[in-house]
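There are 2 protein chains.
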Amino acid sequence: MKILNKCVIGTILIAMLGVGYVSAQPGQRRPEEPLPEGFKPASTNTFLSQYPAVNPITQQAMFRVNAPGANIVQLQLGGQHDMKKDEKGVWWYTTEPLVVGFHYYAILIDSVQVMDRGSEAYFGSNWESSGIEIPEGPEGDYYRFNRELPHGHIRSIYYWSEINGIERHINVYVPAEYEANPDKKYPVLYLVHGWGEDENGWSVQGHMANIMDGLIASGKAVPMIVVMPSGDIKTNSDVREARGDVTEIYVQNLVPYVDKTFRTYTDREHRAMAGLSRGGFQTCRTVFPNMNKFAWLGTFSGFFVRDGDVINAFDGVLKDADAFNKQMNLFFISTGTEERNPKEMVEVLKTHGINIIVFHESQGTAHEWLTWRRALNEFAPKLFK
Amino acid sequence: MKILNKCVIGTILIAMLGVGYVSAQPGQRRPEEPLPEGFKPASTNTFLSQYPAVNPITQQAMFRVNAPGANIVQLQLGGQHDMKKDEKGVWWYTTEPLVVGFHYYAILIDSVQVMDRGSEAYFGSNWESSGIEIPEGPEGDYYRFNRELPHGHIRSIYYWSEINGIERHINVYVPAEYEANPDKKYPVLYLVHGWGEDENGWSVQGHMANIMDGLIASGKAVPMIVVMPSGDIKTNSDVREARGDVTEIYVQNLVPYVDKTFRTYTDREHRAMAGLSRGGFQTCRTVFPNMNKFAWLGTFSGFFVRDGDVINAFDGVLKDADAFNKQMNLFFISTGTEERNPKEMVEVLKTHGINIIVFHESQGTAHEWLTWRRALNEFAPKLFK
Numbered sequence: 159m160k161i162l163n164k165c166v167i168g169t170i171l172i173a174m175l176g177v178g179y180v181s182a183q184p185g186q187r188r189p190e191e192p193l194p195e196g197f198k199p200a201s202t203n204t205f206l207s208q209y210p211a212v213n214p215i216t217q218q219a220m221f222r223v224n225a226p227g228a229n230i231v232q233l234q235l236g237g238q239h240d241m242k243k244d245e246k247g248v249w250w251y252t253t254e255p256l257v258v259g260f261h262y263y264a265i266l267i268d269s270v271q272v273m274d275r276g277s278e279a280y281f282g283s284n285w286e287s288s289g290i291e292i293p294e295g296p297e298g299d300y301y302r303f304n305r306e307l308p309h310g311h312i313r314s315i316y317y318w319s320e321i322n323g324i325e326r327h328i329n330v331y332v333p334a335e336y337e338a339n340p341d342k343k344y345p346v347l348y349l350v351h352g353w354g355e356d357e358n359g360w361s362v363q364g365h366m367a368n369i370m371d372g373l374i375a376s377g378k379a380v381p382m383i384v385v386m387p388s389g390d391i392k393t394n395s396d397v398r399e400a401r402g403d404v405t406e407i408y409v410q411n412l413v414p415y416v417d418k419t420f421r422t423y424t425d426r427e428h429r430a431m432a433g434l435s436r437g438g439f440q441t442c443r444t445v446f447p448n449m450n451k452f453a454w455l456g457t458f459s460g461f462f463v464r465d466g467d468v469i470n471a472f473d474g475v476l477k478d479a480d481a482f483n484k485q486m487n488l489f490f491i492s493t494g495t496e497e498r499n500p501k502e503m504v505e506v507l508k509t510h511g512i513n514i515i516v517f518h519e520s521q522g523t524a525h526e527w528l529t530w531r532r533a534l535n536e537f538a539p540k541l542f543k
Numbered sequence: 159m160k161i162l163n164k165c166v167i168g169t170i171l172i173a174m175l176g177v178g179y180v181s182a183q184p185g186q187r188r189p190e191e192p193l194p195e196g197f198k199p200a201s202t203n204t205f206l207s208q209y210p211a212v213n214p215i216t217q218q219a220m221f222r223v224n225a226p227g228a229n230i231v232q233l234q235l236g237g238q239h240d241m242k243k244d245e246k247g248v249w250w251y252t253t254e255p256l257v258v259g260f261h262y263y264a265i266l267i268d269s270v271q272v273m274d275r276g277s278e279a280y281f282g283s284n285w286e287s288s289g290i291e292i293p294e295g296p297e298g299d300y301y302r303f304n305r306e307l308p309h310g311h312i313r314s315i316y317y318w319s320e321i322n323g324i325e326r327h328i329n330v331y332v333p334a335e336y337e338a339n340p341d342k343k344y345p346v347l348y349l350v351h352g353w354g355e356d357e358n359g360w361s362v363q364g365h366m367a368n369i370m371d372g373l374i375a376s377g378k379a380v381p382m383i384v385v386m387p388s389g390d391i392k393t394n395s396d397v398r399e400a401r402g403d404v405t406e407i408y409v410q411n412l413v414p415y416v417d418k419t420f421r422t423y424t425d426r427e428h429r430a431m432a433g434l435s436r437g438g439f440q441t442c443r444t445v446f447p448n449m450n451k452f453a454w455l456g457t458f459s460g461f462f463v464r465d466g467d468v469i470n471a472f473d474g475v476l477k478d479a480d481a482f483n484k485q486m487n488l489f490f491i492s493t494g495t496e497e498r499n500p501k502e503m504v505e506v507l508k509t510h511g512i513n514i515i516v517f518h519e520s521q522g523t524a525h526e527w528l529t530w531r532r533a534l535n536e537f538a539p540k541l542f543k
């Protein structure tokens with residue numbers, strides 16, 4: 159008598175598990191044909207999926223959808239592209255070269271927008287989306303896992319929000335040294351996602367832990383706690399109506415919870431906030447009326463002033479340049495060069511006398527994750543110094 | 159001049175973000191019609207989705223797919239069900255009463271199996287699946303978030319596996335009291351998922367943190383660290399071939415990493431392992447040849463012996479009942495009454511003299527999450543005592 163070999167066990171298990179499980183379509187996930195020369199499975203795929211495949215040299219991506227029963231299959235990735243059906247009912251599309259970093263995409267099956275099941279799920283546009291990481295060596299070093307470094311832990315936590323009337327989920331990056339220093343206190347950066355994403359965006363799509371691990375290990379950034387909340391107001395399924403404003407939730411419920419739960423400095427000099435896109439706007443809306451609680455802020459692709467009258471925007475908080483300069487330590491504004499650029503507004507503010515602005519442009523990138531990974535990598539070293 | 163109001167900002171943002179983002183289909187997610195009497199959005203939905211909806215009294219679920227361009231739309235949930243199209247091209251299906259707890263499901267659009275985009279993504283069957291939680295009051299109390307209790311944190315960690323040649327992801331439940339007791343050491347339970355799921359299964363689908371928080375707060379279980387690894391051997395996208403055996407990875411890479419990283423007791427009396435389904439089988443395969451490292455084990459819906467000759471199975475480790483009883487403290491075997499039941503094999507082992515078996519049957523449940531939530535709730539209190 160011996161332990162069942164893996165194949166037999168596999169068969170038994172698949173048979174057993176078939177009842178409650180969605181049946182597998184291995185053909186979709188493990189095509190028998192080898193990948194074309196130069197292509198490899200994207201790092202964003204589920205671990206058994208060969209496609210989508212990426213070519214690290216040409217930066218092209220190749221998509222494959224097994225849908226013999228469909229009439230039209232399209233790829234939605236920076237525009238809509240018709241895929242081409244082969245004789246087996248498999249649909250194919252190879253892209254032009256893409257920008258390095260993370261991109262959302264979707265598949266349209268007879269006009270119904272769905273996830274590509276070769277991809278892991280990434281929350282974007284307020285639902286679970288497909289995503290693809292386009293690799294490139296030198297650019298990615300700072301946001302890749304480096305086995306030589308000490309690693310912080312990201313903690314998944316639910317805290318009770320009185321205002322929201324429900325438990326809210328946060329992810330908290332705790333630096334590697336935290337537990338080895340049980341008497342040391344740490345500054346805190348609150349880091350917010352953008353529209354349609356959620357509190358997992360920075361850790362999953364943004365690789366923020368790798369970025370922070372590298373900055374802290376090299377001494378470029380001081381060890382800090384990074385709290386990543388949701389910028390959306392979820393309600394429980396019995397209520398489903400927005401209650402409270404997210405700024406109130408942050409200031410009245412989240413900050414006290416974090417200060418109670420972690421060894422933090424609780425003064426404004428040791429508290430920063432930043433966000434990307436809508437999260438950058440939420441940062442301005444949260445920090446400006448609460449400058450007694452925050453001394454540092456950053457807005458990544460998220461400095462929005464409708465009519466451009468930036469000096470009078472945000473309830474006039476920027477009007478008295480001297481007062482603002484004295485109160486805040488850093489006003490970090492960043493953008494990709496290929497998206498709407500707040501450069502002119504930044505110039506107006508500087509001319510007006512605001513001298514704590516640091517303006518960062520990410521070359522050749524748009525409203526996308528590479529812009530924000532770079533922004534965090536520039537911003538975090540400037541904090542708490 | 160004032161801060162842009164939310165509507166305007168919303169419009170600007172959606173316009174700005176439209177470039178890089180998958181365009182939204184709000185109609186699919188927020189139908190204007192109110193939910194039918196007695197139904198509410200499932201707790202497993204993305205936060206804007208009204209459907210699928212559940213009726214807590216009748217335990218029925220109602221599915222909705224907006225797919226005017228499709229010819230056939232089906233729901234795959236314990237069988238395949240044709241959905242019915244209304245005059246607007248929206249497809250509907252209402253189920254019979256379902257078992258309480260978590261169920262995977264999929265949608266078939268013209269025979270292509272896809273996720274329902276109303277649902278959050280749950281990794282099952284080796285890809286991102288839709289899931290629905292069927293609520294029930296009394297059953298769920300022990301696995302729901304309880305704001306009155308101290309809460310452990312789940313840490314998301316990558317550790318380097320020399321055998322796997324890649325960083326591997328684990329989730330680690332650290333009890334609420336851990337940081338308040340910087341000199342205290344803790345026992346460790348290694349808890350493994352089943353086939354087609356991943357290291358997130360126990361924390362997401364299983365609500366293990368709520369279960370452990372409750373058991374520890376009530377004094378039923380001793381405070382312990384729970385390590386949830388992947389039972390699959392992922393490789394990086396350059397390799398994509400299985401290297402090493404998962405047992406070797408656990409014993410040679412994971413256990414030393416955990417003992418180095420956390421304040422653990424490192425003797426066998428303070429180390430347990432359990433798993434569900436294939437994870438239960440992996441537990442037997444890991445613990446039996448390493449009984450110098452583990453003194454407690456549990457297999458939930460995962461006690462598989464092909465020909466039923468249980469006394470001679472697993473390389474004969476159960477043959478000498480006295481030796482086995484002396485060496486191990488607990489051999490916990492559980493099952494749902496509605497799945498393949500190892501009851502007879504358990505009886506044979508007991509008659510044979512193995513007296514450290516605890517056998518648990520989950521009434522009325524099959525190979526599904528309610529079985530395993532109950533199993534953990536029964537198993538954890540018996541450990542390290």
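In order, the protein sequence lines correspond to chains S and E. Start counting at 1 in the first sequence, then tack on 158, and there's your number in the numbering used here. Start counting at 1 in the second sequence, then tack on 158, and there's your number in the numbering used here. The C-beta atom is built at its ideal place from N, Cα and C for all residues, glycine as well.
Its Cα nearest to that of ASN203 of chain S, the residue S:MET220 stands out among S:MET220, S:GLY196, S:PRO194 and S:GLU195. Counting C-beta atoms within 10 angstroms of its own C-beta, LYS501 of chain S has fewer than 16 neighbours from the protein chains shown and is therefore classed as exposed. Against TRP360 of chain E, chain S offers no close residue; the least beta-carbon distance is about 12 Å (beta-carbon pairs closer than 9 Å). Assigned with DSSP and collapsed to three states, GLU245 of chain E falls in coil, not helix or strand.
At a cut-off of 8 Å, the C-beta of HIS309 of chain E has a neighbouring C-beta in chain S.
Following the DSSP letters along the chain, one finds GLN271 of chain S inside the beta strand (DSSP E) bounded by residues 270-272. Approximately 27 Å separates the beta-carbon atoms of ILE230 of chain E and VAL257 of chain E; this is outside 8 Å, ruling out the contact.
Using a C-beta cut-off of 8 Å, the stretch 509-524 of chain S makes no contact with the stretch 348-367 of chain S, since fewer than three inter-stretch Cβ pairs fall below that distance.
Collapsing the DSSP output to three states places LYS198 of chain E in a strand.
For ASN368 of chain S, the enclosing alpha helix (DSSP H) stretches over residues 366-375. In chain order, HIS510, GLY511 and ILE512 place their CB closer than 7 Å to the CB of ALA479 of chain S, counting only its own chain and leaving out the 5 sequence neighbours on each side. Taking CB atoms only, GLY227 of chain E has a neighbour in chain S less than 8 Å away. In terms of beta-carbon proximity, TYR415 of chain E stays away from the interface with chain S, with every pair separated by 8 Å or more. When secondary structure is reduced to three states using DSSP, LEU528 of chain E falls in the helix class.
Excluding its 5 nearest sequence neighbours in each direction, GLU505 of chain S has no C-beta neighbour in its own chain below 7 Å. Contact of PHE205 of chain S with chain E by beta-carbon distance below 7 Å involves ASP390 and LYS392. Nearest to GLY438 of chain E by C-alpha distance, out of E:ALA338, E:GLY389 and E:TRP250, is E:GLY389. Out of S:TYR263, S:GLN232 and S:GLY352, the CA that lies nearest to the CA of TYR251 of chain S is found in S:GLN232.
Excluding five sequence positions before and after PHE472 of chain S, the CB atoms of its chain that fall closer than 7 Å to its own CB belong to CYS442 and PHE446, given in chain order. In terms of beta-carbon proximity, MET386 of chain S stays away from the interface with chain E, with every pair separated by 8 Å or more.
When Cβ-Cβ separations below 8 Å define contact, ALA279 of chain S makes contact with chain E.
For MET449 of chain E, same chain residues with a beta-carbon under 6 Å away, outside a window of 5 residues either side, are GLN485 in chain order.
By the CB criterion at 8 Å, SER283 of chain S and MET273 of chain S fall outside the cutoff. Taken through DSSP and simplified to helix, strand or coil, TRP360 of chain E comes out as helix. Neighbours of ASP268 of chain S across chain E, judged by C-beta separation under 7 Å: GLY227, ALA228, ILE267 and ASP268. Using a CB distance below 7 Å, the part of the stretch 297-328 of chain E facing chain S consists of PHE303, ARG305, HIS309, HIS311, ILE312, ARG313, SER314, ILE315, TYR316, TRP318 and GLU325, ordered along the chain.
Following the DSSP letters along the chain, one finds TYR280 of chain E inside the beta strand (DSSP E) bounded by residues 279-282. Shown here, THR493 of chain S sits in a strand according to DSSP, grouped into three states. Between LEU373 of chain E and ALA538 of chain E, the C-beta spacing is below 8 Å.
GLU502 of chain S sits in a helix when the DSSP states are folded into three classes. Collapsing the DSSP output to three states places ARG426 of chain S in a helix. Within the same chain, Cβ atoms closer than 6 Å to the Cβ of ASP240 of chain S are found at GLN232, the five residues on either side in sequence being excluded.
Counted as a single uninterrupted DSSP element, the beta strand (DSSP E) harbouring ARG313 of chain S occupies residues 311-319.
Assignment of beta-bridge partners to TRP454 of chain E by DSSP yields E:ALA430 and E:LEU488. Annotation for TYR415 of chain E: the continuous alpha helix (DSSP H) segment containing it runs 413-419. For ARG275 of chain E, the chain S residues whose Cβ falls inside 8 Å of its Cβ are GLN271, VAL272, MET273, TRP285 and GLU286, in order along the chain.
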